[in-house]
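Keeping their order, the protein sequence lines are chains G and X.
Residues in the first sequence are numbered from 302 upward in steps of one, following the numbering used here.
Residues in the second sequence are numbered from 777 upward in steps of one, following the numbering used here.
Where a beta carbon is used, it is the ideal one built from N, C-alpha and C, also for glycine.
Small disclaimer: the values here were computed from a predicted structure and weren't measured.
Please read the structure below before turning to the comments.
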Amino acid sequence: MSGSAGSATVPLISAPYDLLNWLVGQWSDGLGWVGEAFGIGMLDYVFMHHAFLVGALIAVMAPLIGTFLVHRQLALIGDALAHTAFAGVAVGLFVNSLLGTGISPYVTAIVVAVLAALAIELISETTDAYNDVSMAIVLSTGFALGAVLISINTGGLAVGINQYLFGNLATVSRENAVLLVVLFAIVSLVVTVTYKQLLYVTFDETAARVAGINVPWYNRLMTTLTALVVVGAMQIMGVILVAAMLVVPVAAAAQVARGFREALLASVLLAELAVLVGITLSYHYASTAGGTIVLVAVAVYIVMVLAGKVQSARAVDESTPSDAAVGDGAIGEPSDD
Amino acid sequence: MSEDSVTAVNDDGPLVDARGLTFGYTAAPVVDDVDLRVERGEYVGIVGPNGSGKSTLLRLLLGLHEPDSGSVELLGHPARAFAERERIGYVSQDVTKDEKRMPITVSEVVLMGRFPHAGFGRVTQADRDRAREALQTVGIEHLADRRITALSGGQRQRTYIARALAGEAELLVLDEPTVGVDAESVDAFFDLLDDLVADGLTVLLVEHDIGAVIERTARVVCLNREVYFDGSPAAFTESDALDRAYGTNVRREAGGIVT
């Protein structure tokens, strides 16, 4: 099973790569030990170790970025970027077959998705609005370009394309796991450093501008990070379902969380739940991982909607007397819709 | 009423100084040759019919748009390049709308007022204390952990003012803050503004409720593309500026215009 580690070498600077490679190896050994100690059969396989690692990291990154996107009503952007990332994969495969190189299609996917992210920002800045139309154009252009490039490469290439469309647990190689650790480090570091600015821009763009925050710059940063996350998550989720990880756990968390930090944390926890349960189920029932994860996430979402209803019904009971005690005349509509 | 209650004295010039301000989204100007100076400690209300360029004027004054001609200075610096942004607090028009339904608590919103001070650094305990004080000042400390979408329009308004206060703003700019707020809360809101002005805050307010502006502010600016009137509320009620700016069919409520 670890034989997949030898394929498709990614040309990276060797020292940090070796370190990360070693870390992934340690993780794999650790999980293997856990599997043996508790008799968990699926942990006998190295590709499952990688799948759990990649899944766990995606479940942090995707809701982290998704929370900012969803609350700016930009949920569609993940979908658009995923489809352009597909074009990136096609470019990678095309170049490899043309020049006989061994570039990982995920690397070209990152490059193309980031370029598309900046293009979307440029369109929205010049037309002064993010709109469905420009997003749909970018989405279909990406997918069309990918489809055309792949069809030009007749023969064996079309066979391998399913793994990019729908994701595949078994193809998560050690190189891909290392790549994902790098993406994870970049995304979480950038969000940690710029959390305040991103929150301000997300909540109130005009006030953020008045407060001197360079809003266009942070918008570009946000979409670029989205591109990175989308490509990272594509390995397991596939192009078609990757956007679900950006949106569904975030929507679930918004049902129950009061604060933004709370919502971030809850969305990560719910995403972890969906990913870990989803991967386990997909192993046992030999179902596609991406689809299974999304179905679990949607089930979690439904539970959270119900929990939110119960919670707000209780909150109305409690808040009515305390509001009257305010005495500043701020009585009036509870204004919850 | 409160020109004598000026406290801070780091620069004596006007907080806002706009000269010959002209701006249009298309060829036709929305704001035409407007002069406006706001001195420290003033309480200014801008009135005008719908589409009269009130909000656009505010955006120009805040440096959000580049004027077609004319100039704006904020606290003595060109508005577009003005860097000490935390000295200005802004409450936008859609405060009372909540189509976003974003999960965020009152204290998280107020803490945003500290973000320009913190930059890329961490939010400190001192920042949190400031935010809490601001919540006390506007009288909604007990709502700190509520989700902002669960508040009434009036409470939400106070949250945004607390955000400006937490940022130690010297100039508070409000764009139609009472839209969608019930009458009783509007009164309480103007009482709060009175208190803040008395404490030395400079307030610039765009408001559709002409009666409230005349009753509460110390200076009225009547705008419809250009300035029709700029002076005391008493002089404003005696002038015909309102009729000229709004056209003839203004609905004047007898009780509304009293000084």
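Proximal residues of chain G, C-beta to C-beta of residue i below 8 Å
i	result
residue 868 of chain X	505, 507, 508
residue 992 of chain X	Residues of chain G passing the Cβ test: none, with the nearest at roughly 15 Å.
N-terminal and C-terminal residue of the alpha helix (DSSP H) that residue i is part of
i	result
residue 903 of chain X	901 to 913
residue 433 of chain G	433 to 453
residue 541 of chain G	516 to 557
residue 378 of chain G	377 to 400
residue 924 of chain X	Here residue 924 of chain X belongs to no alpha helix (DSSP H), and DSSP marks it neither H nor E.
residue 562 of chain G	561 to 585
residue 1020 of chain X	1017 to 1022
residue 510 of chain G	506 to 511
residue 344 of chain G	Per DSSP, residue 344 of chain G belongs to no alpha helix (DSSP H) and is neither H nor E.
residue 330 of chain G	315 to 339
residue 463 of chain G	463 to 467
Within-8 Å CB hit, residue i to chain X
i	result
residue 501 of chain G	yes
residue 610 of chain G	no
residue 559 of chain G	yes
residue 379 of chain G	no
residue 555 of chain G	yes
residue 512 of chain G	yes
residue 636 of chain G	Here residue 636 of chain G scores only 40 on pLDDT, less than 50, and its place in the model is too uncertain to base an answer on.
residue 564 of chain G	yes
residue 423 of chain G	no
Min CB distance residue i to chain G below 8 Å
i	result
residue 966 of chain X	no
residue 1025 of chain X	Annotation note: pLDDT 46 at residue 1025 of chain X (below 50); position unreliable, coordinate value reported separately. Not an interface residue.
residue 780 of chain X	For residue 780 of chain X, the pLDDT reaches just 40, beneath the cut-off of 50, and the residue's location in the model is therefore unreliable, although a value from the coordinates is still provided. By this cut-off, residue 780 of chain X is not an interface position.
residue 783 of chain X	Annotation note: pLDDT 40 at residue 783 of chain X (below 50); position unreliable, coordinate value reported separately. It does not; no Cβ of chain G falls within 8 Å.
residue 941 of chain X	no
residue 840 of chain X	yes
residue 892 of chain X	yes
residue 815 of chain X	no
residue 790 of chain X	no
residue 952 of chain X	no
residue 793 of chain X	no
residue 884 of chain X	yes
residue 1022 of chain X	no
Under 7 Å by beta carbon: chain X residues contacting residue i
i	result
residue 363 of chain G	The premise fails here: residue 363 of chain G is roughly 18 Å from chain X at the closest Cβ pair, so nothing lies under 7 Å.
Nearest-angstrom beta carbon gap, residue j and residue i [assumed within contact, 8 Å]
i	j	result
residue 805 of chain X	residue 1001 of chain X	7 Å
residue 836 of chain X	residue 848 of chain X	6 Å
residue 791 of chain X	residue 807 of chain X	Not a contact, Cβ separation roughly 19 Å.
residue 444 of chain G	residue 395 of chain G	Incorrect: roughly 15 Å between the Cβ atoms, too far for contact.
residue 471 of chain G	residue 354 of chain G	At roughly 14 Å, the Cβ-Cβ gap does not stay under 8 Å, so residue 471 of chain G and residue 354 of chain G are not in contact.
residue 568 of chain G	residue 317 of chain G	About 30 Å separates the two Cβ atoms, so there is no contact after all.
residue 986 of chain X	residue 823 of chain X	5 Å
residue 485 of chain G	residue 358 of chain G	4 Å
residue 537 of chain G	residue 592 of chain G	Not a contact, Cβ separation roughly 11 Å.
residue 541 of chain G	residue 467 of chain G	7 Å
Minimum Cβ-Cβ distance from residue i to chain A less than 8 Å
i	result
residue 906 of chain X	Structure shown: chain A not included; protein chains present are G and X.
Beta-carbon neighbours of residue i, restricted to chain G and to distances below 7 Å
i	result
residue 864 of chain X	511
residue 881 of chain X	559, 560
residue 861 of chain X	511, 512, 513
residue 923 of chain X	559
Partners in chain G for residue i, counting only beta-carbon separations shorter than 9 Å
i	result
residue 799 of chain X	Within 9 Å Cβ-Cβ: nothing; residue 799 of chain X doesn't reach chain G, min ~16 Å.
residue 944 of chain X	Within chain G, no residue comes near residue 944 of chain X; the closest Cβ sits about 12 Å away, beyond 9 Å.
Cross-chain neighbours of residue i in chain X, by beta carbon under 8 Å
i	result
residue 494 of chain G	896
Residue span of the beta strand (DSSP E) that contains residue i, given as start and end
i	result
residue 794 of chain X	792 to 799
residue 849 of chain X	845 to 850
residue 373 of chain G	Per DSSP, residue 373 of chain G belongs to no beta strand (DSSP E) and is neither H nor E.
residue 819 of chain X	819 to 823
residue 864 of chain X	864 to 867
residue 808 of chain X	807 to 814
residue 950 of chain X	947 to 951
* **Minimum length 3: unbroken beta strand (DSSP E) runs contained in the region 967 to 1009 of chain X** => 978 to 982, 995 to 1000, 1002 to 1007
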